[in-house]
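The next block holds one structure in the form of structure tokens; read it before the comments.
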Amino acid sequence: MGVVILDGSTVRSFVTDEAAFASAVEERFAALDLNGDGVLSRAELRRALETFRLFETHFGADVITPPAEVSALYDSIFEQFDTDHSGTIDRNEFKEEMKRIMLAIADGLGSSPVQMVVEDQDSLLQKAVDLETEKLAGPTGSG
Ligand SMILES: [Ca+2]
Numbered sequence: 001m002g003v004v005i006l007d008g009s010t011v012r013s014f015v016t017d018e019a020a021f022a023s024a025v026e027e028r029f030a031a032l033d034l035n036g037d038g039v040l041s042r043a044e045l046r047r048a049l050e051t052f053r054l055f056e057t058h059f060g061a062d063v064i065t066p067p068a069e070v071s072a073l074y075d076s077i078f079e080q081f082d083t084d085h086s087g088t089i090d091r092n093e094f095k096e097e098m099k100r101i102m103l104a105i106a107d108g109l110g111s112s113p114v115q116m117v118v119e120d121q122d123s124l125l126q127k128a129v130d131l132e133t134e135k136l137a138g139p140t141g142s143g
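For the sequence shown, the UniProt record's numbering gives the first residue as 1, with consecutive numbering after it.
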């Protein structure tokens, strides 16, 4: 867990860097695909969302969301990912939806830098910051 400072343009330039974004999403997908069958099931997505601590962030730590409501939220998020309604999320669906989410985050951040707590070194926001740092370091920062 660490604190990163980023604004909308950090996130946006990460998402529009096709190669960097694709490889970060691919890594994320592989980590979430617990049984390695190449698609994400409802249970796998739910576990991922629990890891993101999405609801705590959105609703505040003090608010206890009723379990039925949480299940409904997980279901509705799953439906957003599963655009062809096959009952599973494939790599492409995952990538497209993550792109949409990241761009929504970018819009929300706007141009004023904010501090965010990143729970997980592998998070996409952390990768966005890493990429920007690399770019600022310039071509001399080969690695
Ligand atoms: Ca799977």
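Backbone N, C-alpha and C define an ideal beta-carbon position, used for all residues, glycine too.
For the beta strand (DSSP E) assignment, the UniProt domain "EF-hand" (69-104) encloses no uninterrupted run of at least 3 residues. Per the Cβ contact rule, the region 81-98 is in contact with the region 34-51 (3 or more Cβ pairs under 8 Å). When secondary structure is reduced to three states using DSSP, LEU34 falls in the coil class, being assigned neither helix nor strand. Put simply, the backbone Cα of VAL70 is about 13 Å away from that of ARG47.
According to the DSSP assignment, GLY138 belongs to no alpha helix (DSSP H), since it is labelled neither H nor E.
Collapsing the DSSP output to three states places VAL129 in a helix.
With 7 Å as the limit, the residues whose C-beta approaches a heavy atom of ligand 1 more closely than that are ASP33, LEU34, ASN35, GLY36, ASP37, GLY38, VAL39, LEU40, SER41 and GLU44, in chain order. Going by DSSP, VAL3 is part of the beta strand (DSSP E) stretching over 2-6. Cβ neighbours of ARG12 within its own chain (closer than 6 Å, five residues either side excluded): ALA106. The three-state secondary structure of VAL11, taken from DSSP, is helix.
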